[in-house]
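This report refers to the structure that appears directly beneath it.
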Amino acid sequence: MADKSPSPDEKLQHEFNRWANEGEGEKMERHHLDITEKTIRLMDLRPGERVLDLGCGAGWATRLLARLVADGPEGFGQVIGLDVSDEMIRRARGASKDFENVLYVWGSAQQIPWEENFFDKVLSVESFYYYPDQDRALTELFRVMAPHGRMFILINLYKDNPYSLQWVDKLKVPVHVHSEAEYVELLKKHAFENVEALRIPDDTPTPDDYQTTSFRSVDDLRAFKRIGALLLMASKPDLRTPAPGRELLILPAGCISSAPLASDHAAAQLLCDCLLRSSSRPQSWR
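Its first residue numbered 1459, the sequence shown is counted upward by one per residue in our numbering.
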């Protein structure tokens, strides 16, 4: 009997385990620190908040977040780092032993192993376009975010920065390449509100003798950094008070719709679709 083909998540796990073993997890801090620090300043983090670092890799951003939500008047904040790579998680734990308010979890963005309505803030740095099923990932994020929780997704690979497309063919796993407008519509489709998009330029200097394998030239790399990363921001509505004119329909397994439904038939169809998706959920990565 032929071996079972690996799932998309297992392919990601294998690839990012390879990255971890080659030290790429630690390099991510050097390559993305500038745009991540700018994003974190926009998050308005407060002591006592509960934060998810989705696609945490070696945990460098998790530790930045943990310092900002530590003990305060509202309690002791907690940061959960989640990654599909068990080797990245192992390295993150090893580098975070001095942090009492950090927990690293091996798991998939498409089935987040956490309770509902928990996280006040979510940060995802340079991982969202790798998720095989972005719709399911957003459904899961909506489920685990607290009402009024705010999400920040930072993406370097998107259509509006043409220089980023130079390294797509060098990746060994499939990725999603969308425009800013397409991502905004995707978030709105999943009932998120206050959806915004910003460009976050990378102001890190690039030396003239910098060696790059991802771009055709150093000038292209500099142009890529000037255009900047795409930052998507969105909030989970308060389920008790849906926006005017939008009746919130709560469906099984965390499926939610806040779109106006034209008829009972439309509501029934949405329910059927949700039940089908729920029945095909993968096993937990716990």
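Every residue gets a Cβ at the ideal spot worked out from N, C-alpha and C, and that includes glycine.
Three-way DSSP call (helix, strand, coil) for residue i in this model
{"i": "P1505", "result": "coil"}
{"i": "N1475", "result": "helix"}
{"i": "I1658", "result": "strand"}
{"i": "H1648", "result": "coil"}
{"i": "L1629", "result": "coil"}
{"i": "K1485", "result": "helix"}
{"i": "Y1641", "result": "helix"}
{"i": "R1536", "result": "Per the sequence presented here, residue 1536 reads as Gln, with Arg not at that position. Q1536: strand per DSSP, three-state reduction."}
{"i": "L1697", "result": "coil"}
{"i": "S1622", "result": "helix"}
{"i": "A1516", "result": "coil"}
{"i": "E1480", "result": "coil"}
{"i": "V1527", "result": "coil"}
{"i": "E1558", "result": "coil"}
{"i": "D1593", "result": "helix"}
{"i": "Y1490", "result": "In the sequence as displayed, the identity of residue 1490 is His instead of Tyr. Note: H1490 maps to helix in three-state DSSP."}
{"i": "Y1587", "result": "helix"}
{"i": "D1677", "result": "helix"}
{"i": "P1466", "result": "helix"}
{"i": "G1552", "result": "helix"}
{"i": "K1683", "result": "helix"}
Own chain partners of residue i with C-beta closer than 7 Å, once the 5 adjacent residues on each side are dropped
{"i": "S1637", "result": "Y1616, K1617, D1618"}
{"i": "R1594", "result": "Q1568"}
{"i": "D1578", "result": "E1507, R1508, V1509, A1604, G1607"}
{"i": "K1646", "result": "V1653"}
{"i": "R1684", "result": "P1659"}
{"i": "H1490", "result": "V1583, E1584"}
8 Å contact criterion, which residue i and residue j should meet: CB distance rounded
{"i": "P1590", "j": "P1466", "result": "4 Å"}
{"i": "D1666", "j": "V1676", "result": "7 Å"}
{"i": "A1692", "j": "E1651", "result": "7 Å"}
{"i": "S1672", "j": "K1628", "result": "7 Å"}
{"i": "V1563", "j": "L1540", "result": "5 Å"}
{"i": "R1521", "j": "S1543", "result": "Actually they are not in contact, since the Cβ atoms of R1521 and S1543 sit about 17 Å apart, beyond 8 Å."}
{"i": "A1478", "j": "E1545", "result": "4 Å"}
{"i": "L1503", "j": "S1585", "result": "Rounded, the Cβ-Cβ distance is 19 Å, inconsistent with contact."}
{"i": "G1515", "j": "M1486", "result": "6 Å"}
{"i": "E1493", "j": "A1687", "result": "The identity of residue 1493 in the sequence shown is Ile, whereas the question assumes Glu. Their Cβ separation, rounded to whole angstroms, is 5 Å, which keeps I1493 and A1687 in contact under 8 Å."}
Cross-strand partners of residue i (DSSP beta bridge)
{"i": "K1496", "result": "The partner list for K1496 (beta bridge, DSSP) is empty, contrary to what the question assumes."}
{"i": "F1577", "result": "M1603"}
{"i": "M1691", "result": "F1610, E1654"}
{"i": "W1564", "result": "D1541"}
{"i": "D1511", "result": "G1539, L1581"}
{"i": "Q1569", "result": "S1566"}
Close beta carbons around residue i, own chain, < 6 Å, minus the five adjacent residues each side
{"i": "R1680", "result": "T1664"}
{"i": "Y1621", "result": "D1678, A1681, F1682"}
{"i": "L1596", "result": "H1648"}
{"i": "A1524", "result": "V1537, F1557, N1559, V1560"}
{"i": "E1484", "result": "A1516"}
{"i": "N1575", "result": "A1604"}
Proximal residues to residue i (C-beta, below 8 Å), its chain only, five neighbours per side dropped
{"i": "T1497", "result": "L1581, V1583, F1610, L1612, I1658, L1689"}
{"i": "V1635", "result": "Y1587, L1615, Y1616, K1617, L1623, V1626"}
{"i": "A1528", "result": "P1505, F1534, G1535, N1559"}
{"i": "K1469", "result": "V1631"}
{"i": "Q1471", "result": "V1542, S1543, D1544"}
Burial state of residue i (16 or more Cβ within 10 Å)
{"i": "F1682", "result": "buried"}
{"i": "E1598", "result": "buried"}
{"i": "K1462", "result": "exposed"}
{"i": "Y1641", "result": "buried"}
{"i": "G1552", "result": "exposed"}
{"i": "Q1669", "result": "exposed"}
{"i": "G1481", "result": "exposed"}
{"i": "R1549", "result": "buried"}
{"i": "V1633", "result": "exposed"}
{"i": "A1639", "result": "exposed"}
{"i": "L1526", "result": "buried"}
Residue i CB to nearest heavy atom of the ligand HEM below 7 Å
{"i": "A1524", "result": "With respect to the ligand HEM, the structure shown offers nothing to examine, as it has no ligands at all."}
CB contact check: residue i to chain D, cutoff 8 Å
{"i": "R1521", "result": "Considering every chain present, this structure includes no chain D. It has just one protein chain."}
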